[in-house]
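Going by full-length UniProt numbering, the sequence shown opens with residue 1, and the numbers climb by one from there.
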Amino acid sequence: MFEIRKRKKKRRIQAPRVAIKIIQKWFGHYFSRGIELPPYVVGFVPGRSSLDAAKLHCKKDWIFSTDIADFFQTTADSDVVDSLMHYGYTFPAAELITDLSCLGGSLAQGSPSSPVLANIAMRNVDEAISKLVNNYGATYTRYADDIVISGLGKSPSDLGKEIGQIFRPTTWKLAEHKTRLVSARDRMKVHGLLVHGEQPRLTKGYRRRLRAIRHLLEADKIPESDLPSALGHLAYARSVEGEQDKNTE
Numbered sequence: 001m002f003e004i005r006k007r008k009k010k011r012r013i014q015a016p017r018v019a020i021k022i023i024q025k026w027f028g029h030y031f032s033r034g035i036e037l038p039p040y041v042v043g044f045v046p047g048r049s050s051l052d053a054a055k056l057h058c059k060k061d062w063i064f065s066t067d068i069a070d071f072f073q074t075t076a077d078s079d080v081v082d083s084l085m086h087y088g089y090t091f092p093a094a095e096l097i098t099d100l101s102c103l104g105g106s107l108a109q110g111s112p113s114s115p116v117l118a119n120i121a122m123r124n125v126d127e128a129i130s131k132l133v134n135n136y137g138a139t140y141t142r143y144a145d146d147i148v149i150s151g152l153g154k155s156p157s158d159l160g161k162e163i164g165q166i167f168r169p170t171t172w173k174l175a176e177h178k179t180r181l182v183s184a185r186d187r188m189k190v191h192g193l194l195v196h197g198e199q200p201r202l203t204k205g206y207r208r209r210l211r212a213i214r215h216l217l218e219a220d221k222i223p224e225s226d227l228p229s230a231l232g233h234l235a236y237a238r239s240v241e242g243e244q245d246k247n248t249e
C-alpha cells in the first residue's frame, strides 16, 4: 500500500501482490467484455470514452455534474456480490470473485478489476438515475465516478436533491464541492471538453499545453520517459478535433 498526491490531497493505492493482480487483470478483461453495460456507462467500457460522453452533452441548455467521493473504496463487497448474481453467477462464484477483488469490505484503489466491478455494482443506482433523467427528457452519462446530466429548456429545480435521494441509502456519497449546475451562458465543460457547439472542443488552456509539447518535441527536449505521455496528449487532441487541432500550432 502506498500514497500518491492528487491535487491538494493524497490518494491511497492498495497495490495487489503479483499473483492476485494477474487474476484481477483477467477479471477486468473478462467482465468488461462479457457483461454488457447500458450506453450511459462510458468509463472503462471497451469502445466507449469520455469523448463519447462529451458528444452526448453538446448544445444543451444546462449541465448538472457531480462526483462520487472515493468511488472504489466506498463500493461495498455486498453490492459487487449482488450485482454479479444479477448477471447469472451463483452466490459461491460471486463471493469468490468478490473476495479476490476486495480489501476490507470494499473494492481496492489500484486493483485492475475495480473499475469494471464498480460499474457492475452501480447497476441499481444507474437505472434509478436513468429513469429519473428520462422523466425530464434529459441525457445521463457516467464515466467512473463522474456523473453528468444535461438537457434543453429550463433545468429541473429539484434535480440535485433527487439525485442525492437516490444515493442516500447506498454506501456511495456525492462530493458536494464538485456538484454544480451551469447554463448555456456559462462555460460548459464535460470531462474537460467544451460542449457549446456541435462537437466537443479543446479548451484554450489545453491548446496552450499542446503548443508547448510540440515546441519541446521539435527541440528534442522531452525526456524519453515522458515521450509516451506527450504523444498521448497529441493523439487525444486529434481524436477530439481531428485536423482542427492544427490550429493550436
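Beta carbons: idealized from backbone N, C-alpha and C, even for Gly.
Just so it is clear, the structure is predicted and the values come from calculations on it, not from any experiment.
The alpha-carbon separation between I213 and A54 amounts to approximately 24 angstroms.
Judged by DSSP secondary structure, W172 falls outside any alpha helix (DSSP H); it is assigned neither H nor E.
Rounded to the nearest whole angstrom, the C-alpha separation of A19 and M85 is 25 angstroms. Comparing alpha carbon positions, the residue from F64, I120 and Q73 closest to F27 is I120. Within its own chain, the residues whose Cβ lies closer than 7 angstroms to the Cβ of C58, once the five positions on either side in sequence are excluded, are V195, G197, E198, Q199 and P200, listed in chain order. For R142, the uninterrupted beta strand (DSSP E) run begins and ends at T139 to Y143, by DSSP. Excluding five sequence positions before and after D226, none of the CB atoms of its chain fall closer than 6 angstroms to its own CB. Spatial neighbours of S183 in its own chain (CB-CB distance under 6 angstroms, excluding positions within 5 residues in sequence) are listed in chain order as W62.
It is roughly 31 angstroms from the alpha-carbon of T170 to the alpha-carbon of G153. D77 places its beta carbon less than 8 angstroms from that of C102. With a threshold of 16 other beta carbon atoms within 10 Å, L231 falls short and is exposed. Between A69 and A144, the C-beta spacing is not below 8 angstroms.
Linking R211 to A235 through their CA atoms gives a straight-line distance of about 13 angstroms.
In its chain, beyond the 5 residues on either side, I222 have a beta carbon closer than 6 angstroms to the beta carbon of L216.
Here DSSP, grouped into helix, strand and coil, assigns A76 to strand. G47 and S239 have their C-alpha atoms some 13 angstroms from each other. Assigned with DSSP and collapsed to three states, T66 falls in strand. Per DSSP, G28 is one residue of the alpha helix (DSSP H) stretching across V18 to G34.
Between D52 and V42 a beta carbon distance of about 5 angstroms is seen, short of the 8 angstroms cut, so the two are scored as contacting. S114 and R33 have their C-alpha atoms spaced approximately 15 angstroms apart. The distance from the Cβ of H177 to that of S50 is about 21 angstroms, inconsistent with a contact at the 8 angstroms cut-off.
In the structure shown, L152 adopts coil according to DSSP, grouped into three states.
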